[in-house]
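These notes are about the structure you will find just below.
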Amino acid sequence: MFVDHLQLTDFRSYESVDLGLDSGVTTFVGANGQGKTNLVEAIEYLSTMSSHRVATEVPLVRSGAARAVVRARVQAGLDDPRQLTLELEISPGKANRAKLNRSPLRHAREIIGVVRTVVFSPVDIAVVKGDPSERRRFIDDLSIARWPRLAGVRSDYERVLRQRNTLLKSLSGRLRGGPPPSDAEATLDVWDTHLARVGGELLEARLTTLADLAPHVSKAYADIAPANNDAAAEYRASADLEFTNQAEDGSVHGALRANLSAALAAGMIERRAEEIQRGVSLVGPHRDDIALSLGMLPAKGYASHGESWSFALALRLGSFHLLRADGVEPVLVLDDVFAELDSVRRERLASGVRGAEQVLVTAAVGADVPELLAGRRFRVADGEVVADA
Ligand SMILES: Nc1ncnc2c1ncn2[C@@H]1O[C@H](COP(=O)(O)OP(=O)(O)OP(=O)(O)O)[C@@H](O)[C@H]1O
Ligand SMILES: [Mg+2]
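Numbered per the working numbering, the sequence shown spans residues 171 to 559.
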């Protein structure tokens, strides 16, 4: 899949831009702050209706304008000439509107996943160096990219968790005035059941995705890094998952979901007194983490800056290869990657991504992008995007 035409109106710094694109490698070069990331962010937003840079839509609309429009034409594949046109109108504070092949969609969110993207950008370093929540979001987002219905499972889980926490908090408050009434425990049983059911489904998706992803990440890392390149990713659950049917090699089979729900329920019973005392849910996917390691050492706290960077990149490249193995050919976006890598890693990365159907690269310094990725080049300056002669 590749984007062959991109048109922006009042998106970020762009009043209006109209850009023909090709399959293969395209590089956007320009000084800092000229609008390179803004361009690829528009494609990311069209793909996921979320951006790696912001949590709200206000910054996506050009300052002073009321709404932004992103239009793209997408070709299904190199040897599949079918085309789709997509249009997304972003109006902060109002419902967005989307069209597919010029027909309005009932809900703008239906446009999610029509264009598939994998975006690597500097903020991804947080997946390696940041809090567990960053790694949970990473694995959930990737699972959602594979199975879109999981977006609903994740929001159900968050809702059940909030409600259970509210109950636990009130129980913990009442504890100070004597033991909680017995009917409160019965209500808690109900929430335990909900949390275990939805949590089991979320956990199943995460474990399956991580098991499928891990070999791609190890390979992507070893392909980029010439030394100390034994990268691994392992799930760390807050519940005791020993009796699940996760095989030695990390693969998962069979009636996993029911076993996971049972493990979560057992974990909640075991820690009920502590949960009531502290007034929060201590067992479940919201307390889990993914341990990333290089050789014998954890990546977090030990890996060098370049190694952490390479690991973050390997997680995205691994995701790209996993989606490809699933039968999806995503657009690969490498935002500001090359400046951070040494020359060996640059060359290795370039030769690894050359075969993708479409790679969009941004760089402040054109010379940082290896020759191997020659492709087409655009200069980005003063709100204009101009093809290099
Ligand atoms: N909503 C907006 N309205 C107007 N201008 C905006 C808006 N959002 C961002 N900008 C401007 O866009 C510019 C940033 O663009 P972008 O992040 O694409 O730069 P870049 O070329 O990727 O730079 P770098 O090389 O530093 O990564 C900033 O100057 C910023 O002020
Ligand atoms: Mg940028």
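Think of the CB as a built atom: it goes at the ideal place given N, C-alpha and C, for glycine as much as any other residue.
| What residues match up with P468 in a beta bridge as DSSP calls it? | S463
| request: Run through the region 177-208 for me and flag every whole beta strand (DSSP E) of 3 or more residues, listed as ranges in chain order. | output: 184-190, 194-199
| What residues does ligand 2 have around it, judged by CB closer than 7 Å to any heavy atom, in chain order? | K206, T207, D505, D506, T532
| field | Buried/exposed call for G322, threshold 16 Cβ in 10 Å | value | exposed
| task | Examine the Cβ distances between the region 456-475 and the region 428-445 and report whether three or more of them are shorter than 8 Å. | result | no
| said: Going by DSSP in three states, P262 sits in which element: helix, strand or coil? | reply: coil
| said: Rounded to whole angstroms, what is the Cα-Cα separation between P540 and G205? | reply: 22 Å
| request: Verify whether the separation of the beta carbon atoms of V210 and V503 is less than 8 Å. | output: yes
| query | What residues match up with Q253 in a beta bridge as DSSP calls it? | reply | Q245
| said: For V453 and R305, I'd like the C-alpha separation in whole angstroms. | reply: 17 Å
| query | Do E328 and G553 have their CB atoms nearer than 8 Å? | reply | no
| task | May I ask you to check if the CB of N266 is nearer than 7 Å to at least one heavy atom of ligand 1? | result | no
| said: My output table needs one value for T532: the three-state DSSP class, helix, strand or coil. | reply: strand
| said: Within a Cβ cutoff of 7 Å, which residues of the same chain sit near G272, ignoring the five residues on either side of it in sequence? | reply: The question names Gly, but residue 272 is Arg in the sequence shown. Excluding sequence neighbours, R272 sits near T255.
| query | Going by other Cβ atoms of all chains shown within 10 Å of its Cβ, with 16 needed for buried, is M170 buried or exposed? | reply | Because the chain in this structure spans residues 171 to 559, residue 170 falls outside the shown range and cannot be described.
| field | Per-residue DSSP class, three states only, for A401 | value | strand
| message | Please report the straight-line C-alpha distance between V501 and L191, rounded to a whole angstrom. | response | 12 Å
| query | Going by the CB atoms, is the gap between V368 and D326 shorter than 8 Å? | reply | yes
| DSSP state of S273, grouped into three classes? | strand
| Of the residues A225, V284, A533, R486, which one's Cα is nearest the Cα of V523? | R486
| Count the other CB atoms within 10 Å of the CB of P468; is the residue buried (16 or more) or exposed (fewer)? | exposed
| query | Given 8 Å as the limit, is there contact between the region 210-221 and the region 285-296, that is, 3 or more CB pairs closer than that? | reply | yes
| When every heavy atom of ligand 1 is checked, does at least one fall within less than 7 Å of the C-beta of V187? | no
| What is the residue span of the alpha helix (DSSP H) that A443 lies within? | 442-448
| message | Within 10 Å of its beta-carbon, does N266 have 16 or more other beta-carbons around it, so buried, or fewer, so exposed? | response | buried
| message | Let's see if you can read the secondary structure: which residues bound the beta strand (DSSP E) around E554? | response | 554-557
| DSSP beta-bridge partners for T287? | V501
| message | Checking 8 Å against the spacing of the C-beta atoms, do A356 and L341 come in under that value? | response | no
| said: Give me, in chain order, the residues of the same chain whose beta-carbon lies closer than 6 Å to that of V187; leave out the 5 immediate sequence neighbours on both sides. | reply: L178, V555
| message | Taking its Cβ as the centre, do 16 or more other Cβ atoms sit within 10 Å of N202, making it buried, or is it exposed? | response | exposed
| query | According to DSSP, is D353 helix, strand or coil? | reply | helix
| request: Return the first residue and the last residue of the beta strand (DSSP E) that R546 is part of. | output: 546-551
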